[in-house]
Structure formats: structure tokens, C-alpha cells
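Protein chains in written order, with the working numbering: chain C, 1000 to 1196; chain A, 1000 to 1196.
Backbone N, C-alpha and C fix where the C-beta goes; we use that ideal spot for every residue, glycine too.
Treat the numbers as computed from the prediction; the structure is a model and nothing was measured.
Reading through the C-alpha cells given below for one structure.
There are 2 protein chains.
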Amino acid sequence: MDALTLIKTRRSTRKFLQKAVEKEKLEQVIEAGRFAPSGGNNQTTHFIVIQDTAVLENLARIARDEFAKMEVTPDTYASLAKSIKLSQKGTYVFHYNAPVLVLTANRIGYGNNMADCCCAVENMMLMANALDLGSCWINQINWLNDNPAMVSYLKTLGLQEGEAVYVSMVLGYADTPDGLPPRIIMPRKGNPVTYVG
Amino acid sequence: MDALTLIKTRRSTRKFLQKAVEKEKLEQVIEAGRFAPSGGNNQTTHFIVIQDTAVLENLARIARDEFAKMEVTPDTYASLAKSIKLSQKGTYVFHYNAPVLVLTANRIGYGNNMADCCCAVENMMLMANALDLGSCWINQINWLNDNPAMVSYLKTLGLQEGEAVYVSMVLGYADTPDGLPPRIIMPRKGNPVTYVG
Chain C
1000 MDALTLIKTR
1010 RSTRKFLQKA
1020 VEKEKLEQVI
1030 EAGRFAPSGG
1040 NNQTTHFIVI
1050 QDTAVLENLA
1060 RIARDEFAKM
1070 EVTPDTYASL
1080 AKSIKLSQKG
1090 TYVFHYNAPV
1100 LVLTANRIGY
1110 GNNMADCCCA
1120 VENMMLMANA
1130 LDLGSCWINQ
1140 INWLNDNPAM
1150 VSYLKTLGLQ
1160 EGEAVYVSMV
1170 LGYADTPDGL
1180 PPRIIMPRKG
1190 NPVTYVG
Chain A
1000 MDALTLIKTR
1010 RSTRKFLQKA
1020 VEKEKLEQVI
1030 EAGRFAPSGG
1040 NNQTTHFIVI
1050 QDTAVLENLA
1060 RIARDEFAKM
1070 EVTPDTYASL
1080 AKSIKLSQKG
1090 TYVFHYNAPV
1100 LVLTANRIGY
1110 GNNMADCCCA
1120 VENMMLMANA
1130 LDLGSCWINQ
1140 INWLNDNPAM
1150 VSYLKTLGLQ
1160 EGEAVYVSMV
1170 LGYADTPDGL
1180 PPRIIMPRKG
1190 NPVTYVG
């Protein structure tokens, strides 16, 4: 697949088969993330790669419990409001029961922490597409960055003192009729361009 | 080039030939940026593509003048400190005299503004590599997001009310012996990985 096709056919996968991702493919996805650029070439992005079913269930439960306690106000970001409402109904699983959840953490206070993690996740989503794997951006962990229950559990998974999770991603085989991630190219209606000169 | 090679060989270019980028190539780079994911599929990233030499000179001058007024403290992010010190010497050109500077702006207050712009810029840098063009991430405009002189000038270039620039990128033909962007794969010493399960 040429680069532009790879980029244009990447779409979010939110239904996954209960099938593990091969070690070799997973390592290529993580490698793609590790080769993202970083501010001043700092290379402080920390990848926490979770495949343990019990851990994934714990994360879903903690997120559900903690979101359920939150209130939706007119200023709440629409996607966060959705997570809160679904959690209050009691059945919310933020990671779509994907077989792999990758957290990207970075140093609190480092100027490019968020940017570096975003580039790493974008690289990993493109690599997933190249390997016929589905993926989806996940914000729910970083929305709980100040939540003591979530943060203390993340520390048992390897999150270091002075680090926070800035972006996450789910990964796995898409549950689609042809077994491939959804690849219809959706034309962009927004994302305007202004040319100067 | 396969996807992993494309990703691993992307490196920053900081010396450019004084040669315009062909319209067709530039449009492919911008298209790659427009097809980045966005939070809730909002598609509010605004690409401002600058090729006018006078405008590029004005931006360099405003940035230099404004950085020169700032003070470096022990808490200043290292890369910003460098911009300030070089500006105080009076010769700083933050965009490396590249023929193209692409600003990515987004809505102030929108929860994924920074993330969406970062993904767009990462896509554009990968697309540049695929087209044998050099590119480099640029933070200097977003470091001046609260600076009245810079913001009022950006508004003359098309920045809308309620928007701010979150990331920028320079683009052009690399000034290298073989005319290609630097592509030595630099092994990652950092970016650690923790596997759970």
C-alpha cells in the first residue's frame, strides 16, 4: 500500500475478535511508536502494553466506577460526557474488549509530553493498518489522570513516579465480515486549508 | 517503501534547498494531514500553508523580536530556552528558511485540539518522507500563542477568531549531498516498553 493510501484508509475499529495479536505483529506496532519523533529527541515516551484479560477487566471497572461519580456540565467535552453517561448506566467498557491496550505515558512537566505520545499513537495506528489490524484512539485513561484510584492501579502496571498517561490505543483483529479493519475512505468535510502565497 | 521503513527513516530536516515544492506534492502532504483522525471526528484542524517569502520573513522577525523579550528561567523548556537565547543574539530564523511552513490551528477549548494537530503533523511528516521531501516539527508559533504581536499577524494570514496554532511543520527539499532527506535509522535508546500479560 502506498503511503497516502495507508494514511487515508486508516479508520477507527471499535469491534474486535477475541483473537490475540501475534507477538511479531505487536512488536512491529510498538516499534513504529518508538520511532515517532520526540521534542529535542528526548525519547521519554513509555509504552505500557497490556494483554492480560484480568488487568483489562480491572481497568474497565475502575474507569466505569470513577466516570460514574462525575457530573456532566454544559462545558464537559462531548466524548467525555458520553463516557460518564454510559458509566452511570453500568455497562461501559472503554476499551471495546480489544485484546491489546497500549498506554503511552510521559514525564509530567516535560513540554512535549502530549505531542510525543500523540505522534507515537498515530504511528502505531498506521502500522496497525499496514498489518491488517484494527485500532482506535483512547482518551479515557488520560481523562482520569488526576484520579487516585486509576493512578494507583496504573502504578502497579509499571507507570513510574513523575509519569502520566497522555494517550492510549486499542489494537486487535477487527470483527468485520472480511476480517479486515474498516477501510472505506471517508471524504473530509472539515479540516479546511488556507494557502498563503 | 513498506510502512515500518517509512516510519523508521523519517528524520528531521533542518537545512533546505531554495527550491519550491511542486503543487502536486504539497497537496498530497496536506491531504495526508487532513486524513488524520480527530476527536469525535470533529475535523476542525485548520491548515495554513505559507509559501510567500515576505510572510515567512515577517514571521521569523516577529518570533525573533518576541522571543528576545522573554527571560530564560531554570523552569524554561530546553528547546524554548534555545529559541530565546538565539533570538537575543539577533539572527534566529525558527523556520530554517524552508520554502513551506504549514501551521495547524484548531479551536481553543476543544478537548482534542492539540492531539488532532499532532496527528496531522505526524501524517504530513511521513508523507513528506514518502515523497523524498524533508520536514521538521516546529513549536515556535505555539510557544507564542499568547503573544499579541504574533497572534494579530497570524489573523492577517487566515487564523480565525477562536482558533490557535497548536503545532507547525516546515517542508522542502533537503540540502544534503544526495538531495534526499536524512534517512539513517537512529536506534532508540529511550522510549521504554513494559509488557503486562
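- Chain-ordered residues of the stretch 1045–1072 of chain C with a beta carbon less than 7 Å from chain A: Taking a C-beta cut-off of 7 Å against chain A, the contacting residues of the stretch 1045–1072 of chain C are H1045, F1046, I1047, V1048, I1049, Q1050, D1051, V1054, listed in chain order.
Comparing the C-beta of A/R1033 with each C-beta of chain B, is any distance below 8 Å? Of the protein chains in this structure, namely C and A, none is chain B.
Notebook entry, point to check: So which residues of chain C does A/E1121 contact, with C-beta pairs closer than 8 Å?
Noted result: Within chain C, the residues placing a beta-carbon under 8 Å from that of A/E1121 are A1035, P1036, C1117, C1118, E1121, N1122, ordered along the chain.
Touch test, the stretch 1104–1113 of chain A against the stretch 1175–1185 of chain A, Cβ-Cβ under 8 Å, three pairs minimum
no
Next item on the list: May I ask you to list the residues that DSSP assigns as paired with C/M1168?
Entry: Note: C/M1168 sits in a beta bridge opposite C/V1101, C/W1136.
Item checked: Residue-chain proximity (A/I1140, chain C), Cβ-Cβ < 8 Å -> At a cut-off of 8 Å between beta-carbon atoms, A/I1140 makes no contact with chain C.
query = If you check the beta carbons only, do A/R1173 and A/T1012 fall under 8 Å apart?
reply = This sequence places Ala at residue 1173 of chain A; Arg is not what is there. Taking 8 Å as the Cβ cut-off, A/A1173 and A/T1012 qualify as a contacting pair.
Quiz item: Hey, would you say C/L1119 sits closer than 8 Å to C/Q1087, going by beta carbons?
Solution: Residue 1119 of chain C is actually Ala in this sequence, not Leu. The beta carbons of C/A1119 and C/Q1087 sit no closer together than 8 Å.
(Q) By the three-class DSSP mapping on this structure, what secondary structure does C/F1066 have? (A) helix
Practice prompt. Please determine, among A/L1100, A/W1136, A/P1191, A/A1059, the residue with the shortest C-alpha to C-alpha distance to C/E1162.
Written response: A/P1191
Is there contact between the stretch 1041–1061 of chain C and the stretch 1091–1100 of chain C, where contact requires at least three CB pairs shorter than 8 Å?
yes
* Asked: From C/P976 to C/G1089, what does the alpha carbon distance come to, in whole angstroms?
  -> Given that chain C is displayed from residue 1000 to residue 1196, the structure contains no residue 976 of chain C and the question cannot be resolved.
Tell me the DSSP secondary structure of C/I1029 in three-state form. helix
Beta-carbon proximity check, C/L1079 vs C/W1136, cutoff 8 Å: no
**Report entry** Cβ shell of A/Y1006 (< 7 Å), same chain only, five flanking positions each side left out
**Finding:** Reading off the sequence, residue 1006 of chain A comes out as Ile, not Tyr. Excluding sequence neighbours, A/I1006 sits near L1125.
Reduced DSSP category for A/D1160 - H, G, I as helix; E, B as strand; rest coil:
The displayed chain sequence assigns Glu, not Asp, to residue 1160 of chain A. Coil.
Query - Identity of the residues DSSP links to A/T1193 by a beta bridge - result: C/I1047
key: Partners in chain A for C/S1011, counting only beta-carbon separations shorter than 8 Å   = P1036, listed in chain order.
Notebook entry, point to check: If you draw a straight line from the alpha carbon of C/Q1027 to that of A/E1070, how long is it in whole angstroms?
Noted result: Cα to Cα, C/Q1027 sits roughly 43 Å from A/E1070.
Mapping DSSP to helix, strand and coil, what is A/A1019?
coil
A/F1034 beta carbon less than 8 Å from that of A/N1105: A/F1034 is positioned such that its CB atom lies no closer than 8 Å to that of A/N1105.
**Asked** Is C/E1030 close to chain A, meaning its C-beta is less than 8 Å from at least one C-beta of that chain?
**Response** yes
Quiz item: Are the CB atoms of A/L1158 and A/V1166 nearer to each other than 8 Å?
Solution: no
ask   = Helix or strand or just coil, what does DSSP make of C/R1060?
value = DSSP places C/R1060 in helix when its eight states are reduced to three.
(Q) Given a cut-off of 8 Å on the beta-carbon distance, is the pair C/I1103 and C/T1008 in contact? (A) Checking the sequence shown, residue 1103 of chain C turns out to be Thr, not Ile. In this structure, C/T1103 lies away from C/T1008, with their beta-carbon atoms at least 8 Å apart.
Review point. Are the beta-carbon atoms belonging to A/A1031 and A/M1149 less than 8 Å from one another?
Key: no
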